[in-house]
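In what follows, a single structure is set out as structure tokens and then discussed.
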Amino acid sequence: MTHSPFVGFRQISRHDKLFKERIHDPYRARHKLPEPAVCPSCGAVFHEGRWQWGEAPAGAHQEMCAACQRIRDDFPAGFVTLSGGFYSTHRNEIMHIVHNVEKREKVEHPFNRIMAIEEKDGGTLVTTTDIHLARGIGEAVHDAYQGDLEFHYNPEEYLLRVHWAR
-18 MTHSPFVGFR
-8 QISRHDKLFK
2 ERIHDPYRAR
12 HKLPEPAVCP
22 SCGAVFHEGR
32 WQWGEAPAGA
42 HQEMCAACQR
52 IRDDFPAGFV
62 TLSGGFYSTH
72 RNEIMHIVHN
82 VEKREKVEHP
92 FNRIMAIEEK
102 DGGTLVTTTD
112 IHLARGIGEA
122 VHDAYQGDLE
132 FHYNPEEYLL
142 RVHWAR
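As structure tokens, this is what we get:
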């Protein structure tokens, strides 16, 4: 037993550990990218440790960003399903919200993009390059029109399925 300078207290040892963060996204860079770098597909620039929109400096390295890799591979991170009778009646207004969310997110986050919009089984399937955009679309539609909203996250595949119906 260890002795404490305070009567009635004993010193306890701590077993703090630093755990390495689990990287879920298979498209996240596994190495440090050279700076500056520019995506040859979309023109996003990797500068100061993050991808952003801007002018690519002369002599920038060519490196495809994760969003363009997902689009090339047709491997979405987010799936948003919009359906229901209310959706069918108000499809144009709801899709306007979907596009506005993407436009707002894409300004700050070049990885947040819509990959495809498909009509399926009386509803619409929107696929995205990032899980955060899929979540943002679902929440924006729900905030505007209520309805039933569900999220299904698969951390092993870095995949989010969002279902909204009304």
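Taking this note's numbering, the leading residue of the sequence shown gets -18, the next gets one more, and so forth.
We treat Cβ as the ideally placed atom computed from N, Cα and C, and that holds for glycine.
Starting from the C-beta of Arg142, find all residues in its chain whose C-beta is less than 7 Å away, skip the five residues before and the five after it, and write them out in chain order.
If we look at Arg142 and ignore the five residues flanking it on each side, its Cβ neighbours are Phe60, His133.
How far does the alpha helix (DSSP H) with Lys87 in it reach, from first residue to last?
From DSSP, the alpha helix (DSSP H) with Lys87 extends over 72 to 89.
When DSSP labels each residue in this structure, what does His12 get in the three-state scheme?
If DSSP states are grouped into helix, strand and coil, His12 belongs with coil.
Could you tell me whether the region 87 to 100 touches the region 44 to 62, using the rule of 3 or more Cβ pairs below 8 Å?
Segments in contact, yes.
Could you spell out where the alpha helix (DSSP H) holding Tyr126 opens and where it closes?
Segment 112 to 126, the alpha helix (DSSP H) holding Tyr126.
Say whether the region 103 to 111 touches the region 67 to 79, bearing in mind that this needs 3 or more beta-carbon pairs closer than 8 Å, one atom from each stretch.
In short, these stretches touch, since the Cβ pair count reaches three.
Who are Gln33's beta bridge partners in DSSP?
Per DSSP, Val26.
From Lys101 to Ala10, what does the alpha carbon distance come to, in whole angstroms?
The straight-line gap from Cα to Cα measures roughly 33 Å.
List the DSSP bridge partners of Phe92.
Looking at the DSSP assignment, Phe92 forms no beta bridge with any residue, so it has no partner.
Is the separation between the beta-carbon of Glu65 and that of Gly128 shorter than 8 Å?
Before going on, a small fix: residue 65 reads as Gly here, not Glu. Yes, these two residues count as a Cβ contact at 8 Å.
What is the rounded straight-line gap between the Cα of Tyr8 and the Cα of Ala146?
Taking the straight line from one Cα to the other gives about 30 Å.
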